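Following: one structure in structure tokens, then a few remarks.
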Amino acid sequence: MNKTACIVLAAGDGKRMKSHKPKVLMNVLFKPMLGWVLDSAEGISPGEICVVVGSGEEQVKKYLEGRGRSCTTARQAERKGTGHAVMQAENTLKNSENVLILCGDAPFIDEETVLNALKVHTEGGCGVTVITAVPDDPFGYGRIIRDEKGDLLKIVEQKDASKEELAVKEINSGAYWFNSRALLEALPKLSQSNAAGEYYLTDAVSLIRESGKRAAVSTAQNKYIVLGANSRTDLSSLNEYARERVLAELMEGGVEIPCRDGVIIGKDVRIGQDTVILPNTIIRGRCRIGSSCEIGPSSLIESCTVGDGVILNNVQAYESVVESGAKIGPFAQLRPGSHIGQNVKIGDFVEIKNSNIGEKTSVAHLAYLGDADVGRGVNFGCGCITANYDGVNKFRTKIGDDAFIGCNTNLIAPVEIGANASTGAGSTITENVPADSLALERADTKIIEHWEKNRLRKKK
Ligand code: UD1
Ligand code: CA
Numbered sequence: 375m376n377k378t379a380c381i382v383l384a385a386g387d388g389k390r391m392k393s394h395k396p397k398v399l400m401n402v403l404f405k406p407m408l409g410w411v412l413d414s415a416e417g418i419s420p421g422e423i424c425v426v427v428g429s430g431e432e433q434v435k436k437y438l439e440g441r442g443r444s445c446t447t448a449r450q451a452e453r454k455g456t457g458h459a460v461m462q463a464e465n466t467l468k469n470s471e472n473v474l475i476l477c478g479d480a481p482f483i484d485e486e487t488v489l490n491a492l493k494v495h496t497e498g499g500c501g502v503t504v505i506t507a508v509p510d511d512p513f514g515y516g517r518i519i520r521d522e523k524g525d526l527l528k529i530v531e532q533k534d535a536s537k538e539e540l541a542v543k544e545i546n547s548g549a550y551w552f553n554s555r556a557l558l559e560a561l562p563k564l565s566q567s568n569a570a571g572e573y574y575l576t577d578a579v580s581l582i583r584e585s586g587k588r589a590a591v592s593t594a595q596n597k598y599i600v601l602g603a604n605s606r607t608d609l610s611s612l613n614e615y616a617r618e619r620v621l622a623e624l625m626e627g628g629v630e631i632p633c634r635d636g637v638i639i640g641k642d643v644r645i646g647q648d649t650v651i652l653p654n655t656i657i658r659g660r661c662r663i664g665s666s667c668e669i670g671p672s673s674l675i676e677s678c679t680v681g682d683g684v685i686l687n688n689v690q691a692y693e694s695v696v697e698s699g700a701k702i703g704p705f706a707q708l709r710p711g712s713h714i715g716q717n718v719k720i721g722d723f724v725e726i727k728n729s730n731i732g733e734k735t736s737v738a739h740l741a742y743l744g745d746a747d748v749g750r751g752v753n754f755g756c757g758c759i760t761a762n763y764d765g766v767n768k769f770r771t772k773i774g775d776d777a778f779i780g781c782n783t784n785l786i787a788p789v790e791i792g793a794n795a796s797t798g799a800g801s802t803i804t805e806n807v808p809a810d811s812l813a814l815e816r817a818d819t820k821i822i823e824h825w826e827k828n829r830l831r832k833k834k
């Protein structure tokens, strides 16, 4: 779709949110509303996506960069209305045949709705096609006034509407397809003579119609596409709706959620069949979770890839990979950059950071492994620690296959333990240990007899 473009309006401030962030960066299921809108825009592969930025411009641009997909931006220096915002993206209009306009604060617009409207728009040879909806409460939205043929006559904003117009239930979603040239011709004719004193994009609709082109309506099947948020309470409602929708989709795909309490799963999470998600579990970011896993209760999994048959019980895991059959928890943390091999066992009060743990290795209790490369079949006794940081630099610890690390071993990095080697309980290992050997670093036991008697005598 090279001759189409998309302009996303994202310059508004959203004062009622009482936030340091601009409104379009407020999260729904941990993802900025703007991100939801851009996902849908990208889904139809337009030739260009231009985001109009203004309030919190730096933050919005930073978010766009972090997203890593290309889009252009246009700057709206002052908030003078939606029509004025579109004027700033003049170049995008000049370089396209049809343009999709979306609001950055209405996250649930979807590709299907947009493509249905494009069909109406192109097949009808329209100057503009407005995506409309019939929500439960039309308050605050622009009302759709149709002519006798059912085409669009005009859009009247809440503030400017008569009593009869306010009775109309069909509203403007804020998403439209415009013929780019028709819109370019209409924009300079917009005026600020309305209740808000703004340049309304909605006035372009009647201007295009007056110029002899068709103004059509495409009614969305899903009334939620219009939902936006002006306050934290609105945002909470959007989250609740999105949460239920994501959970329903997952369950339809074979995921088991016996109780939804506290289960929040982001829109970019994929979960395989027969995986069970238990209460108080948050899964967010780009997560891929395999089938027949048990995740939760009370877990937070962020941007992780998890294989099949994995158990994560009371686990916090960030930006890590967990291979099939691994069993982690309760009360364990995987910090970014951890790669947990197949059938690994990680037990209670264990923290793993930026480490590779080979298959079938066991770290059953009370351990910290940071910056470590651990082979397969290694056993860590209770309380083992890699001392990876000397206060200035970080160093790695290497442990060969089938090594046995005794309880309470401190491994002072950089250090290497060979395959099949053992360390004695309580040792602080500062030198490399060759394969198949035992390293012991502790003083011989000293027994002082009759110690108690001496102590009592001193006391007297
Ligand atoms: C707009 C529509 C209304 C529609 C509603 C749907 C107009 C005049 N009205 O009203 O018919 O029912 O959306 O949600 O268009 N923005 C800018 N710069 C500005 C003003 C707004 O970029 O100067 C952006 C905002 O960030 C937001 C979008 O445009 O993402 C919509 O603006 P908003 O002020 O929320 O418009 P509404 O009053 O909701
Ligand atoms: Ca709005």
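The numbering used here numbers the first residue of the sequence shown as 375 and each following residue consecutively.
Glycine is no exception: its CB is placed at the ideal position from the N, C-alpha and C atoms.
Computed from a prediction, not measured in an experiment: that's the story for all the values here.
*asked:* Bridge partners for Gln707 per DSSP, in chain order?
replied: Gln690 and Glu725
_Using only the alpha-carbon positions, how far apart do Thr804 and Leu785 sit?_
7 Å
*beta strand (DSSP E) segment containing Ile418, residue limits*: Taken as a continuous stretch (DSSP letters only), Ile418 belongs to no beta strand (DSSP E), as it is neither H nor E.
*Whole angstroms is fine: what's the gap from Gly428's alpha carbon to Ile639's?*
31 Å
_Let me check one thing: in DSSP terms, what residues is Gly744 bridge-paired to?_
Lys727
*Out of curiosity, what's the CA-to-CA distance linking Pro788 and Ile657?*
35 Å
*Would you list the residues sitting across from Glu836 in a DSSP beta bridge?*
No information on residue 836 is available, as it lies outside the stretch 375 to 834 that the chain covers here.
*Flag Thr802 as yes when its Cβ comes closer than 7 Å to any non-hydrogen atom of ligand 1, and as no otherwise.*
no
*asked:* Does the beta-carbon of Ser547, which I'm using as the reference point, lie nearer than 7 Å to any heavy atom of ligand 1?
replied: yes
_Host alpha helix (DSSP H) of Ile529 (start-end)_ = Taken as a continuous stretch (DSSP letters only), Ile529 belongs to no alpha helix (DSSP H), being part of the beta strand (DSSP E) at Leu526 to Val530.
*Roughly how many angstroms separate the alpha carbons of Met375 and Tyr615, rounded to a whole number?*
Residue placement at Met375 is poorly supported in this model, since its pLDDT is 49, which falls under 50; the coordinates still yield a value, given next. Near 31 Å, if we compare the C-alpha coordinates of Tyr615 and Met375.
*Could you tell me the boundaries of the beta strand (DSSP E) in which Ile505 lies?*
Val502 to Ala507
_With H, G and I counted as helix, E and B as strand and the rest as coil, what does DSSP make of Leu785?_
strand
*6 Å CB neighbourhood of Met461 in its chain, flanking five on each side removed*: Leu561
_Tyr763 - partner residues in DSSP beta bridges_ = Lys768
*Using DSSP with H/G/I as helix, E/B as strand and the rest coil, what is Thr735?*
coil
_Proximity below 8 Å, CB of Gly798 to CB of Gly780_ = yes
*Got a sec: does ligand 1 put a non-hydrogen atom nearer than 7 Å to the Cβ of His458?*
yes
_Mapping the DSSP letters down to three states, classify Met375 as helix, strand or coil._
Because Met375 carries a pLDDT of 49, less than 50, the predicted location of this residue cannot be relied on, and the following value inherits that uncertainty. If DSSP states are grouped into helix, strand and coil, Met375 belongs with coil.
*Could you check what DSSP says for Arg517 in three-state terms: helix, strand or coil?*
strand
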